[in-house]
Amino acid sequence: MLMDIEQAAGQHFERPAKRMRSESSSPSEHGSAVVSPGERDPDFYLSSGDCVLRVQNTLFRVHRFLLERDSCVFAAVFDLPQGQLDVEGATDAKPIRLEGDEVEDFRALLKYMYAPALDTQVKHVALTELPNIVHVSQLAHKYQMSKWQQWTDLVLLELVHNHSAVLTDDDMVAVYCAAHLNSFQHVLEAVTSSWLEQIRGKRLRIGPALDAGETYRARSFLGALYEIALSRMPSSPTNLFTPINLSIPDISPVHLGRIYTGYSSLSLSWLGLRHRAARIDVSRALCTLSYHENTCQTRFARDWVAAAVAVEKDYPNVCDIRERLTKMRQILDPPFAAHSSAPTACVFVSRAPKDPFVKLLNAVSGPEGLVAHFFAAEPAEADGL
Numbered sequence: 011m012l013m014d015i016e017q018a019a020g021q022h023f024e025r026p027a028k029r030m031r032s033e034s035s036s037p038s039e040h041g042s043a044v045v046s047p048g049e050r051d052p053d054f055y056l057s058s059g060d061c062v063l064r065v066q067n068t069l070f071r072v073h074r075f076l077l078e079r080d081s082c083v084f085a086a087v088f089d090l091p092q093g094q095l096d097v098e099g100a101t102d103a104k105p106i107r108l109e110g111d112e113v114e115d116f117r118a119l120l121k122y123m124y125a126p127a128l129d130t131q132v133k134h135v136a137l138t139e140l141p142n143i144v145h146v147s148q149l150a151h152k153y154q155m156s157k158w159q160q161w162t163d164l165v166l167l168e169l170v171h172n173h174s175a176v177l178t179d180d181d182m183v184a185v186y187c188a189a190h191l192n193s194f195q196h197v198l199e200a201v202t203s204s205w206l207e208q209i210r211g212k213r214l215r216i217g218p219a220l221d222a223g224e225t226y227r228a229r230s231f232l233g234a235l236y237e238i239a240l241s242r243m244p245s246s247p248t249n250l251f252t253p254i255n256l257s258i259p260d261i262s263p264v265h266l267g268r269i270y271t272g273y274s275s276l277s278l279s280w281l282g283l284r285h286r287a288a289r290i291d292v293s294r295a296l297c298t299l300s301y302h303e304n305t306c307q308t309r310f311a312r313d314w315v316a317a318a319v320a321v322e323k324d325y326p327n328v329c330d331i332r333e334r335l336t337k338m339r340q341i342l343d344p345p346f347a348a349h350s351s352a353p354t355a356c357v358f359v360s361r362a363p364k365d366p367f368v369k370l371l372n373a374v375s376g377p378e379g380l381v382a383h384f385f386a387a388e389p390a391e392a393d394g395l
């Protein structure tokens, strides 16, 4: 039966060492280890139970029908004939071994499988139960317990929504990993958003989040974290070749490398944008094509550079590119004009159909945002969120 569970759950289990044929033989004579008897769990070794399971060095005696009811893995295994062999799980001497599981995980699962209905209501699960809920989600995934996966999905979402301001670094990591393991999309979005908010507020450290994001190659999440790291730098020089010293505690070299890459890529992009003015539409009825090109566009290009220089002073950090573009748009738009274009020249109108700032802002404010800049030196790949 051990092999059956191993195959059904898709996990690797090691069979226990065989007993010595001779009781007088010592382990050293045969080169085999003696399997120590397990210790009965104080809470879940039930006298009325009919199935003994061993997790690490702990014996659990529970009701088989609960496992069959809630897990298609256990149901499939229990349904297999065992012939004339001693039935595994019938006694302490021959328990069903769940290799790879942790005692605290299995104890947490049984706690809720045997809990009164009131205690499993989502709104009644306390924050102190978060570690247990994560344990349940891990075993629910392993043993294909869809009921408990759905339940932990709802509970984790509720806990994140209600307690994000007090969750620790370890809490965030645990919930984030559980959400990825079980494909809890709503939980993943909630914990990612809350985690970023707490890191921006400097209540939580950025290092654990970076490590978790790297584990799942979550480019969007990592990109947002890299933006936070860049925003904490002293005023970034707009000259790409001015050396900067980037030293951030808890950040590994791979992340520092991407932050440097993002800084370089963003700096180059901004320098290119600053010296490449957008095209403006003809806004004067009497403006000719030649006059528009030689006079209107030339004057606008001069205003464009002046506006770019002005916003760099207001937003000196290179990752504030969204704020820079928004302020440039205001400076160049007549209702907010802070410049003095000649009245005989066409002017930029932000409400025009071909407003260039629409495209520019969409490019840096969409789902990817500035992410691509940090991964500019790496091949593109699917995002793990």
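According to the working numbering, the sequence shown is numbered sequentially starting from 11. We put the CB at the ideal spot given by N, CA and C, even for glycine. These numbers were taken from a predicted model, which means no experiment stands behind them.
In the same chain as residue 208, and ignoring 5 residues on each side of it, the C-beta atoms closer than 8 Å to its own belong to 174, 175, 177, 182, 214, in chain order. In terms of Cα proximity to residue 193, the closest of 64, 230, 233, 147 is 147. Following the DSSP letters along the chain, one finds residue 270 inside the alpha helix (DSSP H) bounded by residues 263-284. Residue 212 counts as exposed, since fewer than 16 other beta carbons sit within 10 angstroms of its beta carbon. Within the stretch 172-237, the complete alpha helix (DSSP H) segments of 4 residues or longer fall at 179-192, 195-210, 216-225, listed in chain order.
In the same chain as residue 210, and ignoring 5 residues on each side of it, the C-beta atoms closer than 7 Å to its own belong to 238, in chain order. Bridge partners of residue 341 according to DSSP: none are assigned. For residue 52, the enclosing beta strand (DSSP E) starts and ends at 49-55.
Per DSSP, residue 242 lies in no beta strand (DSSP E) and is assigned neither H nor E. In the DSSP assignment, residue 308 falls within the unbroken alpha helix (DSSP H) covering 307-324. Beta-bridge pairing by DSSP links residue 328 to no other residue.
For residue 141, the closest alpha carbon among the candidates 341, 123, 124, 115 is that of 115.
For residue 82, the secondary structure class from DSSP, reduced to helix, strand or coil, is helix.
Look at residue 116 here: in three-state DSSP terms it is helix. DSSP places residue 101 in the strand class (E or B) of the three-state scheme. In this structure, the alpha-carbon of residue 88 lies about 11 Å from that of residue 106.
About 5 Å separates the Cβ atoms of residue 62 and residue 99, confirming a contact at the 8 Å cut-off. Approximately 6 Å separates the beta-carbon atoms of residue 56 and residue 72; this is inside 8 Å, confirming the contact. With a cut-off of 8 Å on Cβ pairs, the stretch 297-305 is not in contact with the stretch 275-288, counting fewer than three such pairs. With the rule of 3 Cβ pairs closer than 8 Å, the stretch 146-160 counts as touching the stretch 70-85.
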